[in-house]
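Worksheet: the structure to be examined is printed underneath.
Following this line, the structure appears as structure tokens:
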């Protein structure tokens, strides 16, 4: 399938093969890490363009762009991108790339409590010695929603007393809390949990408690290489890329 993806990309860029190669600066949500690690090198090989990119939670990337950091393209959770478009920091239209949701994980080899229903999840959380998720201040898209889930289950105070927080971003993943023994059970976007082979995803938040996040891309208002950035976005929306998204928890 990787060969098919590269071949498709080569055909996609054949018409513009005489164009000068560009260097694209991109800001990309940590939730897309596992997928773009595969897709961007393929895009570079097929197009001749080079991509320089960095990760952070969506809220953190939006703050960086507002603070004056340069980027040609930004790929973040759609609510953050919508705000940036409204503020004139990103030009429309918004291009939806992938979908993910909040997963629940434990350390590899640990018992798997039932989390399939709100009541079962409530029992699992009350029984757990420690609970992990991202810190709201880090700009992650899931943190505030997870806090609302605890409130909806009626156990916010009990869980708060044993909560461990991760900073978010590539160096502050929730899965690290699990591996280090700081959190017995933890919550984060499933695409991020799946990047760590030392944890096991035991389920997703039940449907009535779930938050589906659409990751979307746009060209910034100050882009120096808008055409090349559009080519990258087009590549990330190609049907073949969906194979990678399915493998990395980004095609819910």
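Residue numbers (this note's numbering): 302 to 553.
In this text, a Cβ means the ideal position worked out from N, Cα and C, and glycines have one as well.
Being a predicted model, the structure only gives us computed values, none of them experimental.
Practice task
Tell me where the alpha helix (DSSP H) around residue 446 begins and ends.
Solution key: On the chain shown, residue 446 is found 145 positions in, with the first residue counted as 1. Where residue 446 is concerned, the enclosing alpha helix (DSSP H) stretches over 444 to 454.
Practice task
Check whether the Cβ atoms of residue 492 and residue 550 lie closer than 7 Å to each other.
Solution key: For the purposes of this step, residue 492 is taken as the residue at position 191 of the chain shown. For the purposes of this step, residue 550 is taken as the residue at position 249 of the chain shown. Cβ atoms of residue 492 and residue 550: closer than 7 Å.
Practice task
Rounded to whole angstroms, what's the CA-CA distance from residue 509 to residue 323? Just pull it up for me.
Solution key: Your numbering for residue 509 matches position 208 in the chain shown. Your numbering for residue 323 matches position 22 in the chain shown. Going by C-alpha positions, residue 509 is about 45 Å away from residue 323.
Exercise for the section: Helix, strand or coil for residue 371, going by three-state DSSP, please let me know. Expected result: Position 70 of the chain shown, counting from 1, holds the residue named residue 371. DSSP, reduced to helix, strand and coil, places residue 371 outside both helices and strands of the structure shown, so it counts as coil.
Handout entry: Coarse secondary structure for residue 315, derived from DSSP in three states
Key = As a position in the chain shown, residue 315 is number 14, starting the count at 1. Interpretation of residue 315 is limited by its pLDDT of 46, a score under 50 that renders its predicted location unreliable; no figure is taken from the coordinates.
Handout entry: First through last residue of the alpha helix (DSSP H) which encompasses residue 543
Key = If you number the chain shown from 1, residue 543 lands on position 242. Note, residue 543: alpha helix (DSSP H), 542 to 548.
Problem - residue 533 classed as buried or exposed, judged by whether at least 16 other C-beta atoms fall within 10 angstroms - result: Sequence index remark: in the chain shown, residue 533 carries index 232 (1-based). So residue 533 ends up on the buried side.
Exercise for the section: From the DSSP output, in three-state form, read off residue 387 for me. Expected result: Numbered from its first residue, the chain shown carries residue 387 at position 86. Helix at residue 387.
Exercise for the section: Can you say whether residue 482 is buried or exposed, counting buried as having 16 or more other CB atoms within 10 angstroms of its CB? Expected result: Looking up residue 482 in the chain shown gives position 181. By the Cβ-count criterion, residue 482 is exposed, with fewer than 16 other Cβ atoms from all chains shown falling within 10 Å of its own Cβ.
Exercise for the section: Could you spell out where the alpha helix (DSSP H) holding residue 343 opens and where it closes? Expected result: Position 42 of the chain shown, counting from 1, holds the residue named residue 343. Membership of residue 343 in the alpha helix (DSSP H) is indicated by the continuous run 334 to 348.
Handout entry: Own chain residues within Cβ distance below 7 Å of residue 349, not counting five before or after
Key = As a working mapping, residue 349 is identified with position 48 in the chain shown. These residues qualify, in order along the chain: 322.
Practice task
Would you kindly check if the distance between the Cβ of residue 344 and the Cβ of residue 546 is under 7 Å?
Solution key: Mapped onto the chain shown, residue 546 falls at position 245. Mapped onto the chain shown, residue 344 falls at position 43. Inclusion of residue 546 and residue 344 in the CB contact set at 7 Å is not warranted, their separation being larger than that value.
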